Amino acid sequence: MKTQARVVVIGGGIAGCSTLYHLTQEGWSDVVLLERDELTSGTTWHSAAQVTNFGAVQTMVGLKTHSINLYKELADDPDYPINYHHATGGIRLASTQDHLDGYRHFQSVAKGMGVGFDILDAAECRKRHPLITTDNLLGALWDPLDGDIDPAQLCQALARRARHSGAEVYRHTPVTGITQTAGAEWVVHTANGDIACEHVVNAGGYRCNEVGAMMDVVHPVASMEHQYFLTEPIAEIEALDFRVPLIRCPTDDFYSRAEKKGLLVGFYEQECKTWGLDGIDPDFTNALCPDDPDRVLPVLENVFKRLPCLTEAGIHTIINGPITYTPDGLPLEGHIPGRRNAWCITGLRAGLGEGGGHGWLLAQQIVHGEACYDTWCLDPRRFGRYADIEYTAKKAIEDYQNEFRFHMPHEFRPAGRPARVTRIYDALKQAGAEFGVVNGWERALYFKPSPDFHETHSFRFNETFDVVAAEVNAVQSHVGIMEVSGFNRYEITGVGAHDWLDGIMCSRVPRKVGKVGLCYFLNEDGNVKGEATLANLSGGRVWYGSAAAAELHDMDWLMERLPQDGSVEIRSLTDAYSILMAAGPKSRALLQKVAPDADWSRDGFAWLSAREVVVAGHEIVAMSVSFSGELAWELHVPIAVLGDVHDALTGAGEEFGLARFGLLATESMRIEKGYRHWKAELVTEFNPVESGLARFVSQNKEFTGKAGMESQLAKGLRKGFVSLQLDGNGATAHGGDSIVAGGRVVGTVTSASWGHRVNRNLAMGFVEPAFAAVGTALNVEVVGEPVAARVCEPCQYDPANERVMS
Ligand SMILES: Cc1cc2nc3c(=O)[nH]c(=O)nc-3n(C[C@H](O)[C@H](O)[C@H](O)COP(=O)(O)OP(=O)(O)OC[C@H]3O[C@@H](n4cnc5c(N)ncnc54)[C@H](O)[C@@H]3O)c2cc1C
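Per the working numbering, the sequence shown starts with residue 4, numbered consecutively.
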C-alpha cells in the first residue's frame, strides 16, 4: 500500500467511487480510495438505484444531469457495459393544486438548466402507466430521463476508470484513525498501515460519524431504516411490451419502478425508525436490517388504491436498509467546517441518482477550489453547531415522513424547533410573530394580525400579502422594529487588521474610527465569495458582519488567510449579541428618546457610521445602516441585556407609531432598493461586474481574486444582474424561475417579491448580457405561465437615498 497520496478518499460506495473517478478526470491521479470491506458494502449495494433529473434548485438539476450523462456513457462503454435503464421516464403524481403549482415552478427551474419536464393530466398519466388508477389524481410532472441503474456495476465501472487513470483502490482496509501533522498534512491510519495526504475525504456513508470522530467532527447526519418490496411477476406487467415508468407519490408516500417482470415498491411510512444512533455493529457490512413489513402497512392501503395490481402480487423479497439524512435532506458535500483540506460527501439519501454529480462537484472544489455551480445548498457549513445528532435525527424523521413533499414558499417545518432563540423570543411570540428559521435561529417572518390568523402556504399570493403591506407601510410612514437574530459577527483586532482586510476585500475598507463600509470579497477566480459590513469601533476593533448563514463559511475563509505572525486576531461574537433594527422616518426620534445622551442628528450620526451608545443603562453599539431604504439604525445589543433594550424601545414607541416587522417585509423593501442577498444574488458563478457591483471594486489596489477577475473580464461577461418589473399580480416569481426571450431561456430569477411601497411585482436575476439593458422586454415564467416583464433600474425606491440620509 502507498504511504503518501495527494488525496485519500475513505469509503467505497457511490460517493467515494464517484469522487475518486472525478478527481482523476480533473487531472489528479495520485489519489487513493480506502474501503473497510468490499466496494459498495454499505448502503449502495441494496439501493433501489433510481436515477431522476428532478431537483428543487438549479445546482441539483445540473448535478443530476451530469450523473445521467455519465451513467449513459458508462452503460454504452463496450469494454465494460453496465445495466442502466436510461430514460424509462418517471411520473411524480399530483393530487392537489399546490403540488401542480410546485411542479410548474420546478419545470421552469429545470428548463434553465436545459432539462425538459412535462406536466401531464391524469388521463395521460394512465396512458403512460396503464397499471395506475386516476382517482383523486390531478396530473403529474413527467421526467423523460428517469430510470434506474445497477448500483454495484456503476461503482465498479467508476473505480475501474479511476484505476486506469492512476488511482489506487485498497479494499479490506478499514480506516482506524486520522491525525494531522504540524505541517497540516493529514495522516490516515488503517489496519494495513498509514497514508499521509494533502486532502482527506469522508465518504463513509452511514459510518460517516465514525470517520468524523477521528477528526473530532460531528456531521449532522442520521440514518433511517428504509424499506422496499420486490414482487413476484405481475401478469399486467408481463403483458406490456414496454417498461412502465417510475412513480413517486407525495400524498401516499411511495415510489415504484419496474423490476424484471414485477414491481419494486418503496415506502416512506409515518411510523418510521432511526437507525444506528447509538453506535453501529462493526460487523454490519453487506448487511440489511430485519424485515419489518408491519411498519409500512398503513402506506400499503393507499398504494393498493393507486396500483390495484399489487393486491394480488406476491412479495418476493423485502429490502430494509439504512439511508442517511441531513437536517434539510440535501447531502453534505464540500469543506468540513474548521478543518483545512478536509472534505466530506455524506448524508446522501438519493446517492445513486445524485452520486455522479456530487463526486463531480466535490472533485472540482478539491482540485480548483470551486465548482462550476454555486454549491452553497450542499455546503457542510450551512449548518451551525446547533445541528447536533439529536436535532438531526428529529429533522431526519420529519424529512423522511415528507420525502416527496417539497417545501412550499415560506414553509418552515416544526421538528427540532426552536433550536436557537434569543431572550426576546417569548415576547415576539406574544406579539404574534410567525417565525421562520435562519441558520437555526428563530426569526420573525411577519406578525399575525390576530391570534387565529392562518397562512395557507402557496406559490401564489396568500393571506400574508396584506399583513406584509401593513408592516411595510408602518416602516415607511412611522417606525418599525425587527430583531435580526443570529447575524454573523466577528471582532477583528491587531495592528495588521486593516491592511490584511484590505488585501482580502475587493472593496475599499473603511479605516476611520466610527466608519462603516459594505465590502465584497472574491475567490481566486474573481467570482463573488461573500459580503461583509465592516465597522471600525473604538479601541482598534473592527466588527465584521455578514449573513447569519455565513457563520462557519466566512470564519473558514478568514482563518485560512489569517497572517501567521500574530498581527491579526479574530473572535466570534455571534452568540454574544443580537440586533434590533429600528427603521422608518421616526426612528431618529424614537432613539433620541431611549438614548438621550447620544447625538442622533443627521450630522452627528451620519449614514454609514457606528458608535457606542447607552440605552436603558446598557452600552450597546449603534450603526446607521439600512437594508430597508428608510432612515434606520441597527442596535447591536449584548444578549444579556436584550430584553431591557427591547422593552425600552417598545415602551417608548407608542407616541411614534412603533410597529413590528419581519423578514417578509424586509425582503420586499430590499428588493425595491436593489440590495443583493448572499447566496441569492451573490454567488460564486459570477464576478462583481456581472453581479452589478462594479462600484464596490477598488481597482487601485491588490486584492484576492483580482487577477482572476481581470482575466475573466478580458473574455467578456457571461451574464448580467438585472432587476425586473413584472405585469402579473396574482403571484411573484420564485428563485429559479426562467427568464425567457424569443421562446428561449436567457436567464434565471434569484429573488422576487411584491414591492409594497412602489406597488409593483419585482424580481431580480441574471440574464445574458444582450438582454440586461434597462427597458428590455422579457417574459418571466411564474408558476409555469409566461408573464411579461421589463428590465428596470435596480433601485426602484428612493434611488437618491434621500430617505436613508434624511
Ligand atoms: C432501501 C434503499 C433504497 C434506496 N433507493 C435509492 C434510489 O432509488 N435512488 C437513489 O439515488 N438512492 C437510493 N437510496 C440511497 C442510496 O443508496 C444512498 O444514498 C447511497 O448508496 C449512499 O452511498 P454512500 O457512498 O454515501 O454510502 P455507502 O454506500 O454506505 O458507502 C460508504 C462506504 O464507506 C465504507 N466505510 C465506512 N467506514 C469506513 C472506514 N472507517 N474505513 C474504510 N471504509 C469505510 C463502508 O464500508 C461503505 O462501503 C436507497 C437507500 C436505501 C437504504
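Glycine residues also receive a C-beta, built at the ideal position from the N, C-alpha and C atoms.
The structure presented is a predicted model; accordingly, all values stated were derived computationally and were not measured.
Boundaries cannot be given for residue 644, as no beta strand (DSSP E) includes it and DSSP labels it neither H nor E.
Here the stretch 70–77 makes contact with the stretch 150–160; the two share three or more CB pairs at distances below 8 Å. In this structure, the C-beta of residue 259 stays at least 7 Å away from each heavy atom of ligand 1. Following the DSSP letters along the chain, one finds residue 626 inside the beta strand (DSSP E) bounded by residues 621–626.
Excluding five sequence positions before and after residue 89, the CB atoms of its chain that fall closer than 6 Å to its own CB belong to 75, 150, given in chain order. Judged by the Cβ position, residue 53 qualifies as a neighbour of ligand 1 at the 7 Å threshold, a heavy atom of the ligand being closer than this. For residue 566, there is no enclosing alpha helix (DSSP H), since its DSSP letter is neither H nor E.
Judged by DSSP secondary structure, residue 189 falls outside any alpha helix (DSSP H) and instead within the beta strand (DSSP E) spanning 189–193.
Spatial neighbours of residue 416 in its own chain (CB-CB distance under 6 Å, excluding positions within 5 residues in sequence) are listed in chain order as 401. Within the same chain, 12, 204, 206, 348, 362, 365, 366 come within 7 Å of residue 22 by CB-CB distance, once the 5 residues on both sides are set aside. When the Cα atoms are used, residue 760 and residue 376 turn out to be separated by approximately 34 Å.
Approximately 4 Å separates the beta-carbon atoms of residue 764 and residue 729; this is inside 8 Å, confirming the contact. For the pair residue 505 and residue 700, the Cα-to-Cα distance works out to about 11 Å. In this structure, residue 123 lies near residue 142, with their beta-carbon atoms less than 8 Å apart. A straight-line Cα-Cα distance of about 38 Å links residue 534 and residue 15. Burial of residue 227 is indicated by the presence of at least 16 other C-beta atoms within 10 angstroms of its C-beta.
Under DSSP, residue 25 shares a beta bridge with no residue. Three or more beta-carbon pairs drawn from the stretch 720–727 and the stretch 687–695 are found closer than 8 Å, and the two stretches are therefore classed as touching. Under the three-state reduction of DSSP, residue 574 is assigned to strand. Per DSSP, the beta-bridge partners of residue 266 are 261. Contact check between the stretch 375–395 and the stretch 211–228: three or more CB pairs, one atom from each, fall below 8 Å, which counts as touching. Counting along the chain, no beta strand (DSSP E) covers residue 518, and no H or E run does either. Residue pairing from DSSP places residue 636 in a beta bridge opposite 585. Residue 259 and residue 350 have their alpha carbons spaced roughly 23 Å apart. Residues of the same chain with a CB within less than 7 Å of the CB of residue 427, apart from the 5 flanking positions on each side, are 486, 645, 646, 649 in chain order. Relative to residue 615, the option among 272, 340, 598, 18 whose CA is nearest is 598. Classified as exposed, residue 433 has fewer than 16 neighbouring CB atoms from the shown chains inside 10 Å of its CB. With fewer than 16 neighbouring CB atoms inside 10 Å of its own CB, residue 300 falls in the exposed class. Comparing alpha-carbon positions, the option among 373, 408, 425 lying closest to residue 560 turns out to be 373. Per the coordinates, the alpha-carbon of residue 736 lies some 19 Å from the alpha-carbon of residue 121. In the structure shown, the three-state DSSP call for residue 371 is helix. Using a Cβ distance threshold of 8 Å, residue 665 and residue 436 count as a contacting pair. Taking 7 Å as the cut-off, the C-beta of residue 13 counts as close to a heavy atom of ligand 1. At least one heavy atom of ligand 1 lies closer than 7 Å to the C-beta of residue 229. In the DSSP secondary-structure assignment, residue 128 is not bridged to any residue. Looking at the backbone, the Cα of residue 328 and that of residue 68 are separated by about 22 Å.
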